[in-house]
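Below is one structure; the comments refer to it alone.
Protein chains: 2
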Amino acid sequence: MADLHAFFHPRTVAIVGASNKKGKIGNVLVRNMIDCGYPGRIYPINPKAEEVEGLRCYPSLSAVGGKVDLVVIAVPAARVINVARECGQAGVKNLVVISAGFKEVGREGLLLERELTGICRKYGMGLLGPNCVGMIDTHVPINASFSAVFPQRGNIAFISQSGAMLVAILDWSQTIGLGFSRIVSLGNKADLNEADFIADAADDPHTRVILCYIEDVARGQQFLQAARAAVRKKPVIILKSGASQAGARAASSHTGALAGSDLAYETAFRQCGIIRARSMAELFDLAVAFAHQPAPGGNRIAVITNAGGPGIVTTDNIEMSDLAIARLTKETARELRSNLPPEAAIYNPVDVLGDAGADRYRFALEKVLGDQNVDGAVVLVCPTAVTEPEQTARAIIETHRSHPEKPVLAAYMGGKILAEGARLLAEAGIPCFTFPEPAVKALSGMVRYARARELPAKVEEPAPEGIQREPVRELFQKVRQEGRLTLLGSEASQVAAYYGIKTAPIILATSPDEAAARAQEIGFPVVMKVASPQILHKSDIGGVKVGIKTPREAQRAFIDITENVQRFLPRAVIHGIEVQKMMPQGTELIIGMTRDVQFGPLIAFGLGGIYVNLLKDVSFRLAYSLTREEIQKMLTETRAYTLLRGYRGEKPRDLEAIIEMIARTARLVLDFPEIAEMDINPVFAYTDGAWALDIKITIS
Amino acid sequence: MADLHAFFHPRTVAIVGASNKKGKIGNVLVRNMIDCGYPGRIYPINPKAEEVEGLRCYPSLSAVGGKVDLVVIAVPAARVINVARECGQAGVKNLVVISAGFKEVGREGLLLERELTGICRKYGMGLLGPNCVGMIDTHVPINASFSAVFPQRGNIAFISQSGAMLVAILDWSQTIGLGFSRIVSLGNKADLNEADFIADAADDPHTRVILCYIEDVARGQQFLQAARAAVRKKPVIILKSGASQAGARAASSHTGALAGSDLAYETAFRQCGIIRARSMAELFDLAVAFAHQPAPGGNRIAVITNAGGPGIVTTDNIEMSDLAIARLTKETARELRSNLPPEAAIYNPVDVLGDAGADRYRFALEKVLGDQNVDGAVVLVCPTAVTEPEQTARAIIETHRSHPEKPVLAAYMGGKILAEGARLLAEAGIPCFTFPEPAVKALSGMVRYARARELPAKVEEPAPEGIQREPVRELFQKVRQEGRLTLLGSEASQVAAYYGIKTAPIILATSPDEAAARAQEIGFPVVMKVASPQILHKSDIGGVKVGIKTPREAQRAFIDITENVQRFLPRAVIHGIEVQKMMPQGTELIIGMTRDVQFGPLIAFGLGGIYVNLLKDVSFRLAYSLTREEIQKMLTETRAYTLLRGYRGEKPRDLEAIIEMIARTARLVLDFPEIAEMDINPVFAYTDGAWALDIKITIS
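In order, the protein sequences belong to chains A and B. Residues 1 to 700 (the UniProt record's numbering) make up the first sequence, in order. Residues 1 to 700 (the UniProt record's numbering) make up the second sequence, in order.
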């Protein structure tokens with residue numbers, strides 16, 4: 001991971017393309033750097049100017065004479081290469097390339113971008129961009145961007161792959177008084193990417209919450225590592241677009257980025273403990289909540305309201321999320337009963353009634369926050385004739401101060417009457433919304449984060465025992481030498497067996513007599529199926545015979561199958577007939593793997609058999625760092641789990657054996673990146689053990 | 001349905017409990033009525049005052065002398081009864097009872113409320129409330145409420161079961177300039193309810209969109225009828241709370257309402273074409289969209305943006321909703337290509353680039369709205385150095401005027417820089433949001449409405465032929481006389497047969513010889529099962545024998561089953577052994593019915609067999625007005641449908657036969673409200689026909 005301390009804290013900054021012409025980016029860059037109060041030295045570079053915005057202007061970087069830590073480049077794309085080279089030779093540490101005209105404009109731009117990256121790599125320079133708005137740190141302070149707005153100082157780091165969105169958000173943030181620690185416009189991510197900035201923000205003392213808008217990740221593994229480590233320190237909230245097919249198309253035409261599938265992102269985010277925002281509003285609602293409120297210790301929420309309807313709406317939203325309505329202790333109920341009017345609802349939601357002033361809110365909030373069964377609170381205020389919005393705000397703020405470990409969020413449902421109260425709350429760090437739903441959503445995100453933070457730090461599991469890597473490698477080589485990419489069932493079974501996956505014995509026979517002999521070896525009854533990767537639905541053409549009980553039947557089956565196949569598919573290449581032990585019926589499961597370009601192997605688990613695609617009862621995990629604990633969770637996410645635990649009086653299946661098989665499958669596909677796809681369908685799970693029956697492996 | 005013309009257009013209004021004391025409800029009511037510009041006569045009633053707010057005050061209603069159309073009552077609950085009686089005697093047409101202290105405070109209040117309703121019924125008076133904020137019509141104008149805010153005139157009717165929420169919304173509406181035609185606070189709904197006001201608003205020329213917040217409906221059938229009729233005239237958007245269990249609890253403690261299950265509401269809303277809002281924000285976002293924009297003719301949406309990122313976010317949201325990204329015609333693409341800069345993206349989303357001024361937006365919007373492949377548009381504006389927010393707003397407004405049949409929504413992503421442009425748009429009726437997601441959500445709601453509006457008007461289907469009602473009635477009577485509530489399998493089968501549902505023949509036998517004889521009648525092979533409503537899992541105790549092929553085996557099975565049951569459940573009452581035709585294996589389905597307190601029978605359809613509860617592949621419809629077309633839709637919503645159409649090369653099942661069975665089941669449960677629950681599981685569907693195998697019927 002890049003060390004970005006020097007990037008955000010340069011002692012000297014040069015701006016190449018500095019200009020005196022108002023409105024030009026080269027002018028805005030210089031002005032922004034001056035106006036933000038940057039404490040270091042600023043060197044405008046432009047051979048045609050003596051002075052820019054009152055600063056001495058240099059004809060070139062070398063003319064500066066002294067060391068320059070950071071160079072911001074805003075010259076036409078074609079000239080960027082030369083400037084970068086000059087920077088490299090002068091020992092510059094980092095570049096921010098504002099200029100557009102690179103990867104995003106097509107092949108020529110891509111080549112230019114590669115050249116630029118090559119230069120940066122050669123000289124060990126970090127590079128933000130190209131084609132970006134720049135970066136800001138409000139605490140340094142530094143403004144190496146052409147943003148028209150310098151944000152209010154705060155504790156939110158915002159990293160955005162879209163420059164326009166970043167500028168829009170900065171403009172909008174002023175209307176709600178949102179403060180930022182850092183702003184990073186990623187641009188084309190030719191070098192520094194979201195993972196670098198997430199990792200650095202995780203260690204930045206001024207950042208409390210990390211916000212990202214991304215359309216893809218640059219490097220899957222780097223991202224996973226950075227995100228996982230960051231989440232243990234502070235919340236990482238990401239809005240990821242490009243999820244829909246058309247969205248992905250737009251993404252690729254926009255930044256030329258290679259988008260991973262949304263499933264892989266969804267899985268990766270969950271496995272890292274990233275909170276995924278579903279909309280821009282949610283992204284910032286979560287940011288506001290995390291910026292000043294603690295993550296709750298649990299999910300039990302108290303609601304205080306002065307009106308029934310909004311209380312019910314809030315309760316609904318709590319119950320439909322992963323939050324729960326807290327059950328107040330008897331002590332709390334008693335206290336509320338004796339101090340609130342008799343008509344007040346003293347069970348959660350606590351209805352302090354329409355005539356409640358600030359004191360009643362203060363009392364109720366004090367009691368519920370002091371309740372050991374409450375992990376956080378939502379306070380609702382509706383305007384009535386006697387509502388005291390500002391005093392109530394102060395009561396909330398003060399009461400929260402004595403319970404700083406529990407989050408408090410508010411909804412002030414109204415307009416002008418409540419505006420000042422809402423402002424007071426926001427200013428004091430109590431997130432205040434117009435409607436209750438976003439408050440509940442934000443709290444729900446906080447609870448999810450609190451759980452994710454507890455994910456175990458060390459995620460590497462010891463490799464399963466008894467693995468034979470070399471024979472698998474040799475087998476793949478043999479298959480490739482034969483010009484095939486799909487393994488025969490017996491080969492796939494062999495591969496699985498080398499990795500300690502229990503498979504129903506299966507052997508290839510090439511004559512009726514061999515079939516009989518193999519069947520005898522394996523033990524009757526057996527199943528026999530044609531071995532031909534070209535034939536997908538073997539049963540449909542008479543390519544499978546089940547329940548073979550004698551050597552004679554085996555011979556007969558060999559002949560029958562061969563004849564059937566020759567009749568229906570005379571051109572199919574037949575490698576022989578596979579003889580497989582016929583296993584007693586077990587619970588049918590599927591364990592599979594598909595490979596994502598960004599995040600590598602995705603392991604699937606679910607109900608197996610012929611209805612896999614119909615029922616779609618499948619859960620996914622990334623194979624990387626897949627712990628047994630995660631596999632266990634993966635199981636519980638499926639309906640198959642209900643069957644496995646013993647459905648309608650049946651005995652439970654051997655969960656350990658299933659977990660073991662998943663772990664070994666994950667190891668196999670990690671060890672062999674050439675495995676493009678793999679399906680074990682069905683796996684038969686029994687009360688004792690689990691066996692792989694049919695295995696398909698495709699290599700690349 | 002109540003005729004509410006007189007309610008909203010009274011020529012004279014009396015306010016009982018009128019007061020001169022500022023801040024008192026009795027004073028606010030009089031002031032509100034005067035201030036709104038009510039054109040009729042206002043009579044304050046209070047024996048202790050000569051004059052209220054400059055109007056002559058009368059000691060009693062009878063003292064007024066003339067006819068009073070509407071009386072607003074704001075005296076303590078105990079005195080309301082007498083006032084109401086006096087109103088009745090004086091020929092008053094409608095009452096608005098503001099006073100609280102009725103059903104919501106417990107049993108005593110409930111009795112008081114019943115008395116009040118009785119008086120209103122006796123004199124034929126309409127009653128709004130009690131325990132409500134009142135009502136407003138901005139076009140009459142009339143303000144029979146104690147709301148502190150008189151809303152801006154507009155075309156949104158808002159009907160709310162929560163008074164506090166209504167007041168909060170009115171306060172908030174001023175900050176965004178939202179206009180209303182009507183405001184109704186339902187209160188306890190002792191008489192007039194949401195259905196009455198929905199029906200009336202549907203015919204109100206000043207109302208374009210009907211908005212409701214409800215916690216329950218008063219009368220299911222009335223509601224369905226009103227909503228269905230209203231939806232054909234204008235959109236009905238409902239936020240229904242009390243969905244979660246705890247939510248339902250809170251609802252019942254709040255209004256004492258008997259809440260139906262959320263599933264029934266969900267189904268009812270969908271069947272009526274009601275748009276269900278999922279949050280308060282969504283309720284009003286939809287309202288704003290419907291208030292001024294036309295419902296689109298289809299779901300193909302064009303996006304115009306000046307920045308890539310927001311375009312991708314919008315595309316994602318469109319693709320993930322029931323909207324589609326429009327494919328522009330070649331002609332449009334050609335026009336855009338020749339008139340926009342070369343870097344512009346001319347396929348949808350159309351990216352007019354960051355340096356776009358108003359003219360470029362105008363050109364692009366004109367072209368996409370003129371495209372026959374486009375049903376509506378979302379315009380995104382991000383602030384850049386050259387953005388022209390106000391001129392762009394005007395361009396959008398003017399362009400939309402030449403394509404008034406297609407909805408246009410906007411997202412102005414930013415703060416102060418864009419505020420005036422956003423205001424211009426909102427004022428001109430172009431909904432303008434801060435972020436793109438709500439625009440897409442609103443458009444999606446509009447598309448759903450456009451589809452719902454097309455639902456056939458006449459929903460009564462002819463009753464299925466060959467139905468014998470009388471014998472079913474007699475059979476239920478017989479079962480009840482025997483002191484049972486659960487029918488035997490053979491009885492349930494008989495009931496189904498009377499309604500033309502094909503059932504696998506099943507006959508009760510009470511001796512081994514009879515069993516043999518019955519089996520011969522039916523034809524071998526047969527299944528035999530113990531007939532005892534007390535035994536739930538018959539197989540588990542040896543109460544079922546399958547594949548019986550001879551009379552001898554039938555005799556043997558009778559003895560075996562009897563012995564097994566006597567051994568395991570010696571106390572079970574055995575009515576005999578049922579002999580049923582063994583049907584060949586078909587696709588296993590379930591058709592079931594559960595009865596909702598509000599909406600009556602809910603019909604379920606899905607995958608059957610023992611995994612029903614595991615797979616939960618079930619769709620629901622209300623039995624009332626269930627058309628064949630709806631049944632067809634119901635089928636397609638399940639995964640079972642994929643099986644039925646012919647999965648993996650199998651022949652399709654007889655869909656007509658399944659539809660027929662559902663229609664007949666619906667008829668049966670509508671004809672016999674005493675059927676509390678019914679399950680046909682499994683139904684075996686074949687390529688030709690569908691047969692009911694196991695039927696359970698419980699009566700009440």
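Ideal Cβ positions, reconstructed from N, Cα and C, are used throughout, including at glycine. It should be emphasised that the depicted structure is a prediction, and the values quoted were computed from it without experimental measurement.
Between LEU475/B, GLN555/B, ILE577/B, which lies nearest to VAL565/B when the distance is taken from Cα to Cα?
Ranking the options by Cα distance to VAL565/B, first place goes to ILE577/B.
Pick out whichever of ALA377/B, PRO389/B, TYR498/B, ARG645/B has its Cα sitting closest to the Cα of ASP359/B.
ASP359/B has its Cα closest to that of PRO389/B, out of ALA377/B, PRO389/B, TYR498/B, ARG645/B.
Using DSSP with H/G/I as helix, E/B as strand and the rest coil, what is LEU622/B?
Reduced to three states, the DSSP call for LEU622/B is strand.
Just to confirm my understanding: we take GLU674/B, look at its own chain, exclude 5 residues before and 5 after, and list those with CB closer than 7 Å. What are they?
Result list for GLU674/B: PHE476, ILE699, SER700, in chain order.
Is any heavy atom in the ligand GTP found nearer than 7 Å to the beta carbon of ALA395/A?
Ligands are entirely absent from the displayed structure, and the ligand GTP is therefore not among its contents.
Would you call the stretch 47 to 62 of chain A and the stretch 5 to 18 of chain A in contact, with 3 or more CB pairs under 8 Å?
As far as the Cβ criterion goes, the stretch 47 to 62 of chain A touches the stretch 5 to 18 of chain A, which means the pair count is three or higher.
Run the CB neighbour count on PHE363/B, radius 10 Å, all protein chains shown included, and call it buried at 16 or more, exposed below.
PHE363/B should be labelled buried.
Beta-carbon separation of residue 714/A and TYR43/A under 8 Å?
There is no way to answer for residue 714/A, as the model of chain A reaches only from 1 to 700.
Output the distance between the C-alpha atoms of PHE146/B and ILE25/B, rounded to the nearest integer angstrom.
Between PHE146/B and ILE25/B, the C-alpha separation is close to 6 Å.
Mind checking whether VAL526/B and LYS441/B have CB atoms under 8 Å apart?
Their beta carbons are not under 8 Å apart, which means VAL526/B does not touch LYS441/B by this criterion.
Quick one, are the C-beta atoms of ILE73/A and VAL92/A less than 8 Å apart?
Against a cut-off of 8 Å, the Cβ pair of VAL92/A and ILE73/A comes out as no contact.
Should GLN555/B go down as buried or exposed, given a rule of 16 or more other Cβ atoms within 10 Å for buried?
Classification of GLN555/B: buried, given that the 10 Å Cβ count is 16 or more.
Taking Cβ-Cβ distances shorter than 7 Å, what residues in chain D pair up with GLY414/B?
This model lacks chain D altogether; the protein chains it does include are A and B.
By the three-class DSSP mapping on this structure, what secondary structure does PRO10/B have?
PRO10/B falls in the coil class under three-state DSSP.
On the premise that VAL374/B lies in contact with ILE396/B, defined as a C-beta separation below 8 Å, what is that separation, rounded to the nearest angstrom?
Incorrect: roughly 15 Å between the Cβ atoms, too far for contact.
Does the CB of THR434/A have a neighbour CB from chain B at under 8 Å?
Judged by the 8 Å Cβ criterion, THR434/A is in contact with chain B.
Which residues in the same chain have their Cβ closer than 6 Å to the Cβ of TYR449/B, if we skip the five residues on either side of it in sequence?
PRO235, ILE275, ALA295.
For PHE684/B, which residues does DSSP report across the bridge?
Beta-bridge pairing links PHE684/B to GLU588/B, TRP691/B.
What distance in whole Å lies between the Cβ atoms of GLN534/B and ALA509/B, which are believed to be in contact at a cut-off of 8 Å?
In fact, because the Cβ distance is near 19 Å, the residues do not count as touching under 8 Å.
Kindly give me the distance between the Cβ atoms of GLU677/A and MET593/A, rounded to whole angstroms, as I take these residues to be in contact under 8 Å.
Rounded, the Cβ-Cβ distance is 7 Å, consistent with contact.
Quick one: what does DSSP say TYR499/A is sitting in, helix, strand or coil?
Coil at TYR499/A, not helix or strand.
Is there a C-beta anywhere in chain B that falls below 8 Å from the one on ARG86/A?
According to the sequence displayed, residue 86/A carries Glu and not Arg. Taking Cβ atoms only, chain B never reaches closer than 8 Å to GLU86/A, which makes this a no.
Nearest by alpha-carbon distance to TRP691/A: which of ILE590/A, ALA63/A, GLY646/A is it?
Closest by alpha carbon: ILE590/A.
Using a 10 Å radius around the Cβ and a threshold of 16 neighbouring Cβ atoms, would you call residue 701/B buried or exposed?
Past the boundaries of the shown model lies residue 701/B; chain B is included only from 1 to 700, so the question cannot be answered.
Determine which residues of the stretch 619 to 648 of chain B have a Cβ less than 8 Å from any Cβ of chain A, and write them out in chain order.
The stretch 619 to 648 of chain B vs chain A, Cβ under 8 Å: ARG639, THR642, LEU643, TYR647, ARG648.
Quick one: using the 10 Å Cβ neighbour count with 16 as the cut-off for buried, is THR255/B buried or exposed?
In this predicted model, THR255/B has a pLDDT of only 30, less than 50, meaning its place in the structure is not dependable; the value taken from the coordinates is given anyway. It is buried - the Cβ of THR255/B has at least 16 other Cβ atoms within 10 Å.
Apply the 10 Å Cβ neighbour rule to ASP540/A and answer buried if 16 or more other Cβ atoms are within range, or exposed otherwise.
Per the 10 Å Cβ criterion, exposed.
Comparing alpha-carbon positions, which option in ALA277/A, GLY354/A, THR315/A, THR329/A lies nearest ASN306/A?
Checking every option, the nearest Cα to that of ASN306/A belongs to GLY354/A.
Do GLY187/B and GLY220/B have their beta-carbon atoms positioned less than 8 Å apart in this structure?
No. Outside cutoff.
If we count the other Cβ atoms within 10 Å of its Cβ and call it buried at 16 or more, is VAL597/B buried or exposed?
Flag for VAL597/B reads exposed.
Restricting to Cα atoms, I'd like to know which of LYS633/B, GLN174/B, VAL231/B is closest to VAL618/B.
Comparing Cα-Cα distances from VAL618/B to each of LYS633/B, GLN174/B, VAL231/B, the minimum goes to LYS633/B.
Spatial neighbours of ALA333/A within its chain, please: CB distance less than 6 Å, with the 5 preceding and 5 following residues excluded, ordered by chain position.
These residues qualify, in order along the chain: ILE346.
Counting along the chain, where does the beta strand (DSSP E) carrying ASN94/A start and finish?
It spans 94 to 97 - the beta strand (DSSP E) in which ASN94/A sits, taken as one unbroken run.
By the DSSP assignment, the alpha helix (DSSP H) with ASN155/A in it spans what residues?
Note, ASN155/A: premise wrong, no alpha helix (DSSP H); beta strand (DSSP E) at 152 to 160.
What does SER511/B touch in chain A if you count any residue whose Cβ is under 9 Å from its own?
Going along chain A, no residue has its Cβ under 9 Å from SER511/B, so there is no contact; the nearest lies around 32 Å.
For PHE180/A, does the three-state DSSP call read helix, strand or coil?
The answer is strand: DSSP assigns PHE180/A an E or B state.
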